[in-house]
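There are 2 protein chains.
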Amino acid sequence: MSLKHAILILLESEPGSGYDLFKRFKEGLGYFWNAKHQQVYLELKKLNEAGWLEFEEHAQETRPDKKIYRLTPAGHTELLRWLGEPVQPNKINDALLVKLFGGAHTSLDNLRAEMDRHLAVHRKTLDSLLSIERDYQTLSAERRQALRLPYLTLRRGILGEQAWLAWAEEVAAELER
Amino acid sequence: MSLKHAILILLESEPGSGYDLFKRFKEGLGYFWNAKHQQVYLELKKLNEAGWLEFEEHAQETRPDKKIYRLTPAGHTELLRWLGEPVQPNKINDALLVKLFGGAHTSLDNLRAEMDRHLAVHRKTLDSLLSIERDYQTLSAERRQALRLPYLTLRRGILGEQAWLAWAEEVAAELER
DNA sequence: TGACCCATGTAAGGGGTTACATGATTTG
DNA sequence: CAAATCATGTAACCCCTTACATGGGTCA
Chain A
1 MSLKHAILIL LESEPGSGYD LFKRFKEGLG YFWNAKHQQV YLELKKLNEA
51 GWLEFEEHAQ ETRPDKKIYR LTPAGHTELL RWLGEPVQPN KINDALLVKL
101 FGGAHTSLDN LRAEMDRHLA VHRKTLDSLL SIERDYQTLS AERRQALRLP
151 YLTLRRGILG EQAWLAWAEE VAAELER
Chain B
178 MSLKHAILIL LESEPGSGYD LFKRFKEGLG YFWNAKHQQV YLELKKLNEA
228 GWLEFEEHAQ ETRPDKKIYR LTPAGHTELL RWLGEPVQPN KINDALLVKL
278 FGGAHTSLDN LRAEMDRHLA VHRKTLDSLL SIERDYQTLS AERRQALRLP
328 YLTLRRGILG EQAWLAWAEE VAAELER
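Sequence lines, in order, name chains A and B. For the first sequence, the numbering used here gives the first residue as 1, with consecutive numbering after it. For the second sequence, the numbering used here gives the first residue as 178, with consecutive numbering after it.
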């Protein structure tokens with residue numbers, strides 16, 4: 001899909017190592033794109049072989065050496081090409097819904113316990129997104145202007161989680177009946 | 178993930194062929210689980226080899242022959258086992274958000290056009306979900322009771338799409354500025 | 001006449017997860 | 001003293017997509 005292009009975008013705004021990127025995925029884009037470190041390293045290797053990235057080795061004393069990756073001109077061209085091309089609407093594969101759909105074959109207690117587990121995760125996610133939003137709102141007008149597009153992706157996360165939680169209330173009410 | 182178990186659930190409520198299942202995926206579960214016909218046929222083969230499904234060949238005159246699959250006792254046991262086990266919360270990988278996140282490198286017109294394309298898809302999805310909901314509401318009380326869990330998954334689709342559309346309005350407003 | 005439905009598959013390749021592998025430093 | 005962080009990878013496996021392959025029947 002577009003892990004490749006997510007990496008190009010991150011490195012375009014700031015060069016970094018695989019480990020850096022992995023952390024940025026966990027923090028910045030984590031709420032709409034997930035990546036394991038193994039996959040990040042693999043993609044970096046492939047992107048380098050494709051000529052879209054180059055790297056410099058940085059020796060470190062107390063830490064393992066780092067490779068700092070940055071875009072090549074070809075990488076920059078590729079990024080622009082991808083941005084100009086339509087992206088496929090997301091397909092949804094949600095195992096929780098599969099389970100609910102077939103829930104007649106199990107107990108209500110089991111379904112309630114499952115919902116509770118997911119509820120805890122979604123509440124925590126929403127809290128963390130709201131806290132990022134509060135931070136954003138304290139930034140200067142220029143910083144907010146510079147981050148306005150990433151901020152829209154944050155809003156997507158917030159509205160999405162709120163909708164999930166509203167749905168969970170409907171489910172809880174129905175499972176009580 | 179759980180295509181396997183989605184198939185077990187569908188066949189548990191009614192035996193059918195690969196083609197039947199493929200259609201049921203497009204209609205019934207389509208808004209939360211997608212599958213291509215190739216993958217359905219492949220999974221059926223694997224589930225049969227694992228001993229969870231058995232099939233009978235039905236010869237047809239004007240149409241190609243069908244294999245009608247149904248659960249074996251081992252398949253039923255496996256389904257119950259899976260339903261009793263926690264499912265992983267969904268991870269989200271949304272290419273549209275990647276594009277928006279990196280949208281500073283492209284034009285506003287391009288972003289608006291992209292949003293419009295997605296808007297059309299989401300509006301159409303919501304319409305079709307709402308029409309399924311209206312059909313549900315005209316059913317008898319017993320039918321509605323029997324379908325109450327699948328109905329909850331439909332509600333998830335509706336609330337999710339409405340949240341998406343509300344977000345799209347925020348994006349449109351921001352891109353106009 | 002061309003598009004869509006019925007009906008089933010194989011093959012190649014891409015994308016992702018899990019397990020394995022190493023090893024020093026910092027924090028609680 | 002244990003867990004987390006820093007730092008980079010390989011290998012096996014699973015899941016999914018795309019392309020290819022076949023061929024009759026129905027509908028506009």
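Ideal Cβ positions, reconstructed from N, Cα and C, are used throughout, including at glycine. Source: prediction; values computed, not measured.
Taking the Cβ atom as the reference point for each residue, do residue i and residue j lie within a distance shorter than 8 Å?
i	j	result
A/I158	B/G279	no
B/N287	A/W33	no
A/G18	A/L44	yes
B/L198	B/I184	yes
B/R320	A/E170	no
A/W52	A/G75	yes
B/H282	A/L11	no
B/R325	A/E174	yes
B/R294	A/P150	no
The beta strand (DSSP E) that contains residue i, what's its start and end?
i	result
B/H295	Not the beta strand (DSSP E): B/H295 falls in the alpha helix (DSSP H), residues L285 to Q314.
B/E255	Taken as a continuous stretch (DSSP letters only), B/E255 belongs to no beta strand (DSSP E), being part of the alpha helix (DSSP H) at P250 to G261.
B/E233	L230 to H235
At a Cβ threshold of 8 Å, is residue i touching chain A?
i	result
B/I309	no
B/F278	yes
B/S340	It is Ala, not Ser, that sits at residue 340 of chain B in the sequence shown. With 8 Å as the cut-off, B/A340 counts as an interface residue toward chain A.
B/S317	no
B/L257	yes
B/E204	no
Would you call residue i buried or exposed, if buried means 16 or more other Cβ atoms sit within 10 Å of its Cβ?
i	result
B/G337	buried
A/K4	buried
A/K99	buried
B/L316	exposed
B/E234	exposed
A/E114	buried
A/L108	exposed
A/R177	exposed
A/R24	buried
B/E255	buried
A/L42	exposed
Taking Cβ-Cβ distances shorter than 7 Å, what residues in chain B pair up with residue i?
i	result
A/W179	With chain A running from 1 to 177 in the structure shown, residue 179 of chain A is simply not present.
A/H5	V275
A/A104	L326
A/H118	P266
A/G84	T283 and N287
A/S2	A272 and V275
Provide the residue span of the alpha helix (DSSP H) that contains residue i, from first to last.
i	result
A/L149	R148 to E176
A/Q38	H37 to E49
A/A6	L3 to S13
B/R201	G195 to K203
B/A272	A272 to F278
Since residue i meets chain B, which of its residues come closer than 8 Å, beta carbon to beta carbon?
i	result
A/V40	Simply none; closest approach about 14 Å.
What residues from chain A crowd round residue i, counting only those whose CB sits closer than 8 Å?
i	result
B/W210	I92, N93, D94, L97 and V98
Are the C-beta of residue i and some C-beta of chain B separated by less than 8 Å?
i	result
A/E114	yes
A/L71	no
A/I68	no
A/E170	yes
A/E12	yes
Strictly below 7 Å CB to CB, what residues from chain A border residue i?
i	result
B/L150	With chain B represented from 178 up to 354, any question about residue 150 of chain B goes unanswered, as that position is not in the structure.
B/E351	R148 and L152
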